[in-house]
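K.L.:
Those protein sequence lines, which keep their order, are chains A and B. Residue numbers for the first sequence follow this note's numbering, so the first one is 22 and each next one is one higher. Residue numbers for the second sequence follow this note's numbering, so the first one is 107 and each next one is one higher.
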Amino acid sequence: DAGVTQSPTHLIKTRGQQVTLRCSPKSGHDTVSWYQQALGQGPQFIFQYYEEEERQRGNFPDRFSGHQFPNYSSELNVNALLLGDSALYLCASSLVGGLGTGELFFGEGSRLTVL
Amino acid sequence: SQQGEEDPQALSIQEGENATMNCSYKTSINNLQWYRQNSGRGLVHLILIRSNEREKHSGRLRVTLDTSKKSSSLLITASRAADTASYFCATDVNTDKLIFGTGTRLQVFP
């Protein structure tokens, strides 16, 4: 049973560019959450997708957007990259179905470096 | 912003010793979870304790929760070098998302 998979694992972009990160949830999971983790910090909640809609959003600007597909996979898009966007981006899946927050299963992350 | 804050920020111990890390949070919760993260990797779920529970065990892990003080502690007994990692507490807010704390970096020396 495959766990949460993320791609790419590493990428380097320059300021002003756009990036798309991808996530496939654990089999049977219906909810995907995205987190940003700066070096030495805890993960910061970006947003959560359930039933192809953004259900919750953290304190991130509109440059951060996402999408969930019918197969529950998800994308995170970041436009107009800033140096401060350099971080490890973590995708986590769960089986929630609107019933509350249980255990999250994390992927290994996509490390984004903005130059 | 962080909901939880772990204490201490860093902890160094010898193999065989116990490691205790604490988490304080700000708002009412439904449950509190602890996660582990090896350097630069994804997080792994360790244990979940619900707001109506006071203590929970899982192997060498013992978690306590004091909702009146809005705090939790994670005890790792008989630590091993392989326990070296960062440990995060996470609380659910509005039952829709988990908010993570700042983490404790644990170093266990052989």
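Using N, Cα and C, we set each Cβ at its ideal position, and we do this for glycine too.
Taking buried to mean at least 16 other C-beta atoms within 10 Å of its own C-beta, is GLY119(A) buried or exposed?
P.N.:
With a pLDDT of 47 at GLY119(A), under the threshold of 50, the predicted position of this residue should be treated as unreliable, though the coordinate-derived value follows. Looking at its Cβ environment, which holds fewer than 16 other Cβ atoms inside 10 Å, GLY119(A) is exposed.
K.L.:
How many whole angstroms separate the CB atoms of GLU75(A) and PHE68(A), which I take to be in contact at a CB cut-off of 8 angstroms?
P.N.:
5 angstroms
K.L.:
With a cut-off of 8 angstroms on the beta carbons, I'd call PHE66(A) and ILE205(B) a contact; round off their distance for me.
P.N.:
Indeed they touch by this definition, with Cβ atoms about 6 angstroms apart.
K.L.:
Please name the residue or residues paired with ASN128(B) in a DSSP beta bridge.
P.N.:
Answer by DSSP bridge pairing, in chain order: ASP113(B), SER179(B).
K.L.:
For ASP106(A), which three-state DSSP category applies?
P.N.:
helix
K.L.:
Suppose contacts are defined by Cβ-Cβ distances below 8 angstroms. Is VAL214(B) in contact with SER185(B) by that definition?
P.N.:
yes
K.L.:
Indicate whether VAL135(A) and LEU103(A) have their beta-carbon atoms separated by less than 8 angstroms.
P.N.:
yes
K.L.:
If I follow the unbroken beta strand (DSSP E) through LYS34(A), where does it start and stop?
P.N.:
31-34
K.L.:
Between the region 47-73 of chain A and chain B, which residues of the former have a C-beta closer than 8 angstroms to a C-beta of the latter?
P.N.:
Near chain B, meaning a CB-to-CB distance below 8 angstroms, the residues of the region 47-73 of chain A are SER54, TYR56, GLN62, GLY63, PRO64, GLN65, PHE66, GLN69.
K.L.:
How far does the beta strand (DSSP E) with ILE205(B) in it extend, from its first residue to its last?
P.N.:
203-206
K.L.:
For chain A, is any of its Cβ atoms less than 8 angstroms away from the one on LEU117(B)?
P.N.:
no
K.L.:
Which same chain residues end up closer than 6 angstroms to ARG132(A) when comparing Cβ atoms and leaving out the 5 residues on each side of it in sequence?
P.N.:
HIS31, LEU109
K.L.:
Taking Cβ to Cβ, would you say ASN137(B) is nearer than 8 angstroms to SER157(B)?
P.N.:
yes
K.L.:
Nearest-angstrom Cα distance between THR173(B) and SER179(B)?
P.N.:
12 angstroms
K.L.:
Quick one, which of PRO91(A), GLY24(A), ASP106(A), PRO46(A) has its alpha-carbon nearest GLU72(A)'s?
P.N.:
Per the Cα distances, PRO91(A).
K.L.:
Less than 8 angstroms between the CB atoms is what I'm expecting for TRP55(A) and GLY105(A), so what's the real figure, rounded?
P.N.:
Not confirmed; about 17 angstroms, so no contact.
K.L.:
In chain A, what lies closer than 8 angstroms to ILE205(B) by C-beta?
P.N.:
PHE66
K.L.:
Anything in the region 145-168 of chain B with a Cβ closer than 8 angstroms to a Cβ of chain D? List those residues in chain order, please.
P.N.:
The structure shown contains no chain D; its protein chains are A and B.
K.L.:
Going by beta carbon distance, what residues of the same chain come within less than 7 angstroms of VAL60(A), once the five residues before and after it are set aside?
P.N.:
It is worth fixing the name first, because residue 60(A) is Leu in this sequence and not Val. None.
K.L.:
What does the alpha-carbon distance come out to for the pair VAL72(B) and PRO216(B)?
P.N.:
The question about residue 72(B) has no answer here: the residues shown for chain B are numbered 107 through 216.
K.L.:
Taking only the alpha-carbon atoms, compute the straight-line gap between LYS176(B) and THR35(A) and give it to the nearest angstrom.
P.N.:
Looking at the backbone, the Cα of LYS176(B) and that of THR35(A) are separated by about 42 angstroms.
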